[in-house]
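Mapping of the sequence shown onto our numbering: residues 4 to 100, in sequence order.
Worksheet: one structure, shown below.
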Amino acid sequence: MPDDVVAGRLGVSLSDLPPDPHRLPPPAAWFAQDAERHLLDRPKFCPMCAASIEVHGGISTEYWTGDQRVFMTWCGECGWFGDVVRYDMVTISEEDH
Ligand SMILES: [Zn+2]
């Protein structure tokens, strides 16, 4: 739904609303589904200090290697920088206890 229609339904004008920090491309854009998945799946918190990546000015950029989704992430709070890899399924073995 276009922003001006949403604003109209809310009874405000677009100039009254803060900028949307997570604007998605038009739904028909070839990368629209990837952009949506990125916003949903990207790391929200630093794996080292647990600070919010977004609140503390960090960034997470996604790239792919084969079927792996890799989120190259930097934490603005502690400076941690590294890759966070998202798996759909993992098979591991565990020693008997
Ligand atoms: Zn951190």
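Just so it is clear, CB atoms sit at the ideal spot from N, CA and C, and this is done for glycine as well.
Every value quoted in this text rests on a predicted model; they were computed, and no experiment measured them.
**OP:** Check whether the Cβ of residue 51 lies closer than 6 angstroms to any heavy atom of ligand 1, and answer yes or no.
**Re:** yes
Original post:
Residues bridged to residue 71 by DSSP?
Top reply: 68
Original post:
Secondary structure at residue 40, three-state DSSP: helix, strand or coil?
Top reply: helix
**OP:** Report buried or exposed for residue 34, applying the criterion of at least 16 other Cβ atoms within 10 angstroms of its Cβ.
**Re:** exposed
Subject >> DSSP beta-bridge partners of residue 62 >> reply: Checking the DSSP bridge columns, you'll see residue 62 partnered with 77.
**OP:** Report whether the distance from the Cβ of residue 83 to the nearest heavy atom of ligand 3 is below 6 angstroms.
**Re:** Although ligand 3 was asked about, the structure shown includes only ligand 1 as ligands.
Subject >> Residue range of the unbroken beta strand (DSSP E) whose run includes residue 34 >> reply: Premise fails: residue 34 is in no beta strand (DSSP E) and is neither H nor E.
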